[in-house]
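Chains as they are written, first to last, in my numbering: chain A, 3 to 202; chain B, 3 to 202. We put the CB at the ideal spot given by N, CA and C, even for glycine. Note that the coordinates shown come from a computational prediction; the quantities given were computed from them, not determined experimentally.
Protein chains: 2
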Amino acid sequence: MSTKPAFKRAEPDARRLSLIEAAARVLARGGVAGTSVRAIAVDAGVSPGLVGHYFDGIDALVAETYAHVEARVAETIDAALARAGTDPRARLNAFVTASFAPPVASGELLATWIAFWSLVRSRPAIARQHDEQYAAFRARLEALLGACGAPPARLRHAGIAITALIDGLWLELCLSPQAFSADEAGAIARTALDAILTGQ
Amino acid sequence: MSTKPAFKRAEPDARRLSLIEAAARVLARGGVAGTSVRAIAVDAGVSPGLVGHYFDGIDALVAETYAHVEARVAETIDAALARAGTDPRARLNAFVTASFAPPVASGELLATWIAFWSLVRSRPAIARQHDEQYAAFRARLEALLGACGAPPARLRHAGIAITALIDGLWLELCLSPQAFSADEAGAIARTALDAILTGQ
DNA sequence: CCACTTGTTGTACGATTGTCCAACAAGCAA
DNA sequence: TTGCTTGTTGGACAATCGTACAACAAGTGG
Chain A
3 MSTKPAFKRA EPDARRLSLI EAAARVLARG GVAGTSVRAI AVDAGVSPGL VGHYFDGIDA
63 LVAETYAHVE ARVAETIDAA LARAGTDPRA RLNAFVTASF APPVASGELL ATWIAFWSLV
123 RSRPAIARQH DEQYAAFRAR LEALLGACGA PPARLRHAGI AITALIDGLW LELCLSPQAF
183 SADEAGAIAR TALDAILTGQ
Chain B
3 MSTKPAFKRA EPDARRLSLI EAAARVLARG GVAGTSVRAI AVDAGVSPGL VGHYFDGIDA
63 LVAETYAHVE ARVAETIDAA LARAGTDPRA RLNAFVTASF APPVASGELL ATWIAFWSLV
123 RSRPAIARQH DEQYAAFRAR LEALLGACGA PPARLRHAGI AITALIDGLW LELCLSPQAF
183 SADEAGAIAR TALDAILTGQ
């Protein structure tokens with residue numbers, strides 16, 4: 003009879019991903035205070051030492067977790083856009099609706115954002131990453147706004163405005179879900195889109 | 003000759019305040035990661051044990067620090083409103099301008115917000131405090147909007163919208179000050195106010 | 001079957017955390 | 001001055017943190 007292996011080797015990329023997903027789960031479950039190398043290792047079913055083997059410290063793991071979670075958010079929104087068809091305004095509406103519904107707007111995701119934000123000011127590399135992901139988010143929104151006929155001269159300000167509005171509504175929706183509903187947030191965002199696309 | 007006292011007693015309220023202000027400074031200087039009971043005590047020129055004498059744990063100190071800093075923010079905005087005179091729209095403009103200028107919009111303040119946000123989901127008492135402070139902020143904004151002639155039926159959504167827009171712009175201004183300027187943020191917010199006050 | 005590489009383990013390490021508490025002393029009342 | 005209250009000290013305490021590293025073993029190429 004054969005002895006069972008004490009552990010199984012994983013393909014490096016798969017192992018990295020499983021650690022990132024474990025970090026996201028731990029952040030969602032216990033918040034920033036409940037997140038540590040050990041807790042993540044336990045959740046991933048792995049020895050704590052392995053975290054250091056794949057990431058340059060826990061801050062780097064948090065940064066990669068943020069990037070991964072935001073990529074999943076982007077996928078969720080892309081799926082909503084695809085479902086909305088080809089009408090530019092319908093796609094814009096789908097964008098905001100998806101932004102305020104689970105799994106995008108949820109208290110669980112917030113912990114990952116907060117953990118990442120807390121590193122932005124002290125870590126230049128993470129500040130750069132934040133700038134890139136913010137720019138990408140805004141660029142996508144500007145493309146949708148442009149497709150709806152927003153004048154190019156106003157595209158920059160429109161993109162900043164709608165991005166900020168969505169972020170502010172999303173944040174409050176995560177922090178105190180009872181202050182207003184996801185439907186209200188969607189209605190507010192669509193009203194703002196009307197105002198911007200109509201032009202003054 | 004008299005021996006110098008080893009320490010001086012402070013009036014309880016003054017001592018509490020000095021600890022809160024020290025916590026705000028430490029959060030501003032070192033971020034969430036650089037903040038601890040000991041660091042705050044050193045900054046306040048006090049023994050670490052004294053923190054426990056005035057606050058039920060460091061989370062309570064963070065919560066009170068947030069309340070204090072937001073009160074200072076409110077004072078700064080109130081001063082801007084007073085300077086703006088009595089014209090309702092001028093007061094509204096002053097509100098947004100003050101929100102995007104130091105000391106309200108600054109990376110230093112952000113750390114206090116982040117530390118507080120990270121406690122909202124796990125501490126019911128802090129969640130309640132957040133709800134109250136958010137409601138107060140929005141109520142003040144709704145009063146200013148109402149004075150500008152915004153129809154009462156739309157006041158709730160208008161208040162949520164402008165609050166979210168200001169929050170989103172403020173957050174991004176703190177996180178990456180080079181993405182857009184405070185003047186741009188002010189112009190964007192004033193445009194949104196125009197759209198809301200004109201009615202659609 | 002035997003190296004050899006390297007993913008993985010488990011622990012030890014020093015530093016730091018928040019909290020607690022006995023001892024001290026400052027300042028007021030008598 | 002004498003006594004008393006209590007703000008204050010400073011260190012002890014257990015727990016936990018992130019990281020480093022030597023030992024082990026899984027899987028691959030020979």
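Task: chain B contacts from the segment 117-142 of chain A (Cβ-Cβ distance under 9 Å) - done: 117, 119, 120, 121, 122, 123, 124, 129, 132, 133, 136, 137, 140
- [ ] Indicate the three-state DSSP secondary structure (helix, strand or coil) for residue 150 (chain A) in the structure shown.
- [x] In the first sequence, the residue the question calls residue 150 (chain A) occupies position 148. Here residue 150 (chain A) sits in coil by DSSP.
Task: the segment 167-183 of chain B: positions lying closer than 8 Å to chain A by Cβ - done: 167, 168, 169, 170, 171, 173, 174, 177, 178, 180, 181, 182
Open item on the list: Let me see if you follow: with CB-CB separation under 8 Å, is residue 109 (chain A) close to chain B or not?
Closed with: Locating residue 109 (chain A) in the first sequence gives position 107, where the first residue counts as 1. For residue 109 (chain A), the answer is yes, since a Cβ of chain B falls inside 8 Å of its Cβ.
- [ ] Starting from residue 14 (chain A), trace the alpha helix (DSSP H) both ways and give me its first and last residue.
- [x] Taking the first sequence and counting its residues from 1, one reaches residue 14 (chain A) at position 12. Note, residue 14 (chain A): alpha helix (DSSP H), 14-32.
Open item on the list: Within 8 Å of any Cβ in chain B, is that where the Cβ of residue 282 (chain A) sits?
Closed with: Any question about residue 282 (chain A) goes unanswered here, given that chain A covers just 3 to 202.
Task: Span of the alpha helix (DSSP H) around residue 120 (chain B) - done: On the second sequence, residue 120 (chain B) is found 118 positions in, with the first residue counted as 1. Run containing residue 120 (chain B): 109-122, per the alpha helix (DSSP H) assignment.
Task: CB-CB length for residue 178 (chain B) against residue 133 (chain A), believed under 8 Å - done: In the second sequence, residue 178 (chain B) corresponds to position 176, counting from 1. In the first sequence, residue 133 (chain A) corresponds to position 131, counting from 1. Indeed they touch by this definition, with Cβ atoms about 5 Å apart.
Task: Reduced DSSP secondary structure (H/G/I, E/B, other) of residue 11 (chain B) - done: Stepping through the second sequence from its first residue, residue 11 (chain B) is reached at position 9. Of the three classes helix, strand and coil, the one that applies to residue 11 (chain B) here is coil, per DSSP.
- [ ] Compare the Cα-Cα distances from residue 131 (chain A) to each of B:181, B:39, B:49 and report the closest residue.
- [x] Reading the first sequence from its first residue, position 129 is the one you call residue 131 (chain A). Ranking B:181, B:39, B:49 by Cα distance to residue 131 (chain A) puts B:181 first.
TODO: Using only alpha-carbon positions, find the residue among A:85, A:140, A:95 that is nearest to residue 187 (chain A).
DONE: For the purposes of this step, residue 187 (chain A) is identified with residue 185 of the first sequence, where counting begins at 1. Answer by Cα proximity: A:95.
Task: alpha helix (DSSP H) segment containing residue 67 (chain B), residue limits - done: On the second sequence, position 65 is the one that residue 67 (chain B) refers to. Looking at the DSSP string, the run of the alpha helix (DSSP H) that includes residue 67 (chain B) is 59-86.
TODO: Taking all protein chains shown into account, decide if residue 114 (chain A) is buried (16 or more other Cβ within 10 angstroms of its Cβ) or exposed.
DONE: Taking the first sequence and counting its residues from 1, one reaches residue 114 (chain A) at position 112. The residue is buried, with at least 16 neighbouring Cβ atoms inside 10 Å.
- [ ] Give the single residue among B:31, B:111, B:20, B:47 whose Cα lies nearest to the Cα of residue 8 (chain B).
- [x] Here residue 8 (chain B) corresponds to residue number 6 of the second sequence, with the count starting at 1. For the residues B:31, B:111, B:20, B:47, the minimum Cα distance to residue 8 (chain B) belongs to B:47.
TODO: Please check if any C-beta of chain B sits within less than 8 Å of the C-beta of residue 190 (chain A).
DONE: Here residue 190 (chain A) corresponds to residue number 188 of the first sequence, with the count starting at 1. It does: the Cβ of residue 190 (chain A) has a partner Cβ on chain B nearer than 8 Å.
- [ ] Reducing DSSP to helix, strand and coil, say where residue 181 (chain A) ends up.
- [x] As a working note, residue 181 (chain A) is residue 179 in the first sequence. Correct three-state label for residue 181 (chain A): coil.
Task: Same chain, Cβ closer than 8 Å to residue 148 (chain B), five either side skipped, listed in chain order - done: The residue labelled residue 148 (chain B) in the question sits at position 146 within the second sequence. Excluding positions up to five away in sequence, the list reads 154, 157.
TODO: Tell me, please, whether the CB atom of residue 197 (chain B) is closer than 8 Å to any CB atom in chain A?
DONE: In the second sequence, residue 197 (chain B) corresponds to position 195, counting from 1. Yes, residue 197 (chain B) lies at the interface with chain A (some Cβ there is under 8 Å from its Cβ).
Task: Straight-line Cα distance separating residue 79 (chain B) from residue 85 (chain A) - done: To locate residue 85 (chain A), count along the first sequence from 1; it is residue 83. To locate residue 79 (chain B), count along the second sequence from 1; it is residue 77. Cα-Cα distance, rounded: 44 Å.
Open item on the list: Does any residue of chain A have a CB that is nearer than 8 Å to the CB of residue 163 (chain B)?
Closed with: Counting from 1 along the second sequence, the entry for residue 163 (chain B) is found at position 161. Output row for residue 163 (chain B): interface = yes.
TODO: Please list, in chain order, all residues of the same chain as residue 163 (chain A) whose beta carbon is under 8 Å from its beta carbon, the five residues on each side excluded.
DONE: Position 161 of the first sequence holds residue 163 (chain A). The residues are 194, 198.
Task: Neighbour list for residue 66 (chain A) in chain B, Cβ cutoff strictly below 9 Å - done: Within the first sequence, numbered from 1, the residue matching residue 66 (chain A) stands at position 64. Those within 9 Å of residue 66 (chain A) in chain B number zero; the least Cβ separation is about 18 Å.
Open item on the list: Is there a Cβ of chain A sitting closer than 8 Å to that of residue 152 (chain B), yes or no?
Closed with: For the purposes of this step, residue 152 (chain B) is identified with residue 150 of the second sequence, where counting begins at 1. So no, residue 152 (chain B) is outside the interface.
Task: Cβ pair count under 8 Å reaching 3, the segment 114-125 of chain A against the segment 64-73 of chain A - done: yes
Task: Cutoff 7 Å; reference residue 174 (chain A); Cβ partners in own chain excluding five residues on either side - done: Counting from one through the first sequence, the residue named residue 174 (chain A) turns up at place 172. Cβ neighbours of residue 174 (chain A) beyond the five flanking positions: 181.
Task: Neighbour flag for residue 13 (chain B) against chain A, beta carbons, 8 Å - done: As a first step, residue 13 (chain B) must be located in the second sequence, where it is residue number 11. Output row for residue 13 (chain B): interface = no.
TODO: Check whether the Cβ of residue 185 (chain B) lies closer than 8 Å to any Cβ atom in chain A.
DONE: The residue labelled residue 185 (chain B) in the question sits at position 183 within the second sequence. Not closer than 8 Å to any Cβ of chain A, the Cβ of residue 185 (chain B) fails to qualify, so no.
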